[in-house]
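Using the working numbering, read the sequence shown as starting at 99 and increasing by one per residue.
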Amino acid sequence: MHRVTIAIRTGQQDEIEQIMELIARCVQVMQDGGSDQWDESYPNREVINQDLERGTLFVCEDNGALAGIIVLDENQAEEYQIIHWEQTQGPHLIMHRLAVDPQAQGKGIARRLIAYAEDYALRGGYTSIRLDTYLKNASALKLYKSLEYDLRGEVNFPGRTAAFPVFEKVLSR
């Protein structure tokens with residue numbers, strides 16, 4: 099039996115091509131499934147490049163291959179202002195751009211990335227994690243609910259046909 103090695107670390111600038119290819123595969127699967135959550139314009143190379151420059155994009159490697167990404171920062175969408183949050187005292191960690199390569203799905207990569215985010219938040223003194231996902235992304239909605247993220251409302255983003263449910267997980271110290 100071979101040993102599975104999964105590691106999560108900060109993404110490197112020279113990995114941008116691999117990351118963009120992973121995103122392109124995810125976009126294709128989303129669109130094939132009828133979701134317009136992501137497309138050719140988002141998340142784009144400029145956005146991912148900024149994430150890498152800021153050191154906020156983390157990659158998950160599965161036996162040395164890039165299997166998933168997640169972005170962790172404090173940048174809340176302006177649309178979040180309408181949400182009634184349970185934890186109002188900050189700081190809050192915001193989870194963005196969680197993506198798992200379609201070829202690596204079903205291995206628990208997303209759960210590992212979210213567990214990493216929660217550990218990162220606790221170590222960083224954050225009081226909660228906030229995120230949004232797309233109403234048409236049934237697997238993400240199910241995943242966040244199973245990990246005890248509480249639905250706090252919905253926001254809308256320009257150019258998207260469905261709403262974005264917004265979740266929060268209050269962290270205990």
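For each residue, glycine too, the CB sits at the ideal point set by N, CA and C. Everything numeric in this text was worked out from a predicted model, so none of it was measured.
- Message: What does the alpha-carbon distance come out to for the pair Met118 and Arg143?
- Response: Looking up residue 118 in the sequence shown gives position 20. Looking up residue 143 in the sequence shown gives position 45. Rounded to whole angstroms, the separation of the alpha carbons of Arg143 and Met118 is 7 Å.
- Taking the alpha-carbon positions, what's the Phe265 to Asp230 distance? In the sequence shown, counting from the first residue as 1, residue 265 sits at position 167. In the sequence shown, counting from the first residue as 1, residue 230 sits at position 132. So the alpha carbons of these two residues sit roughly 6 Å apart.
- Query: When you compare each of Glu172, Asn235, Gly206 and Leu211 to Ile46 by their alpha carbons, which one comes out closest?
  - Reply: Because the chain here runs from 99 to 271, residue 46 falls outside it and cannot be looked at.
- Tell me, please, which residues DSSP counts as bridged to Cys158. In the sequence shown, the residue the question calls residue 158 occupies position 60. Looking at the DSSP assignment, Cys158 forms a beta bridge with Ile106 and Gly166.
- Task: For the alpha helix (DSSP H) containing Asp217, list its first residue and its last residue.
- Result: Taking the first residue of the sequence shown as 1, we reach residue 217 at position 119. Note, Asp217: alpha helix (DSSP H), Ile207 to Arg221.
- Query: Per the contact definition of three or more C-beta pairs closer than 8 Å, is the segment 206-221 in contact with the segment 249-264?
  - Reply: Because the criterion of three Cβ pairs below 8 Å is not met, the segment 249-264 and the segment 206-221 do not touch.
- Task: Using a threshold of 8 Å, state whether the C-beta atoms of Gly109 and Val157 are closer than that.
- Result: Reading the sequence shown from its first residue, position 11 is the one you call residue 109. Reading the sequence shown from its first residue, position 59 is the one you call residue 157. Closer than 8 Å, so yes.
- beta strand (DSSP E) containing Ile192: first to last residue? In the sequence shown, counting from the first residue as 1, residue 192 sits at position 94. His190 to Val198 is the extent of the beta strand (DSSP E) around Ile192.
- Query: Just reading off the beta strand (DSSP E) that Leu120 is part of, what are its end residues?
  - Reply: In the sequence shown, residue 120 corresponds to position 22, counting from 1. Element bounds for Leu120: not the beta strand (DSSP E) but the alpha helix (DSSP H), Ile114 to Asp130.
- Relative to the C-alpha of Glu159, which residue among Ile104, Tyr140 and Leu150 is closest? Walking along the sequence shown from the start, residue 159 turns up at place 61. Nearest Cα to Glu159 within the set Ile104, Tyr140 and Leu150: Ile104.
- Name the residue from Gln203, Glu176 and Arg228 whose alpha carbon lies nearest to the alpha carbon of Trp183. Here residue 183 refers to the residue found at position 85 of the sequence shown. Comparing Cα positions, the closest option is Arg228.
- Query: If we count the other Cβ atoms within 10 Å of its Cβ and call it buried at 16 or more, is Leu225 buried or exposed?
  - Reply: For this step, residue 225 is matched to residue 127 along the sequence shown. Note that residue 225 corresponds to Thr in the displayed sequence, not to Leu. Buried is the call here.
- Between the CA atoms of Val127 and Gln203 - distance to the nearest angstrom: Walking along the sequence shown from the start, residue 203 turns up at place 105. Walking along the sequence shown from the start, residue 127 turns up at place 29. Whole-angstrom Cα-Cα distance: 11 Å.
- Message: So Lys234 and Gly132 are supposed to be a Cβ contact under 8 Å. How far apart are they, rounded?
- Response: Within the sequence shown, residue 234 is the residue found at index 136, counting from 1. Within the sequence shown, residue 132 is the residue found at index 34, counting from 1. Between Gly132 and Lys234 the Cβ distance is about 7 Å, and since that is below 8 Å, they are a contact.
- Message: Quick check on DSSP: helix, strand or coil for Arg250?
- Response: For the purposes of this step, residue 250 is taken as the residue at position 152 of the sequence shown. In this structure, DSSP gives Arg250 an extended state, which the three-state scheme calls strand.
- Message: Please report the distance separating the alpha-carbon of Trp136 from that of Val125.
- Response: Position 38 of the sequence shown holds residue 136. Position 27 of the sequence shown holds residue 125. Rounded to the nearest whole angstrom, the C-alpha separation of Trp136 and Val125 is 6 Å.
- Item | Terminal residues of the alpha helix (DSSP H) in which Ser139 lies | Looking up residue 139 in the sequence shown gives position 41. Counting along the chain, Ser139 falls outside any alpha helix (DSSP H), and DSSP gives it neither H nor E.
- Give a single yes or no on whether Glu159 has its beta carbon closer than 7 Å to a heavy atom of the ligand SAH. The model depicted lacks the ligand SAH and carries no ligand whatsoever.
- Roughly how many angstroms lie between the CA atoms of Gln174 and His194, to the nearest whole one? As a working note, residue 174 is residue 76 in the sequence shown. As a working note, residue 194 is residue 96 in the sequence shown. So the two alpha carbons sit approximately 10 Å from each other.
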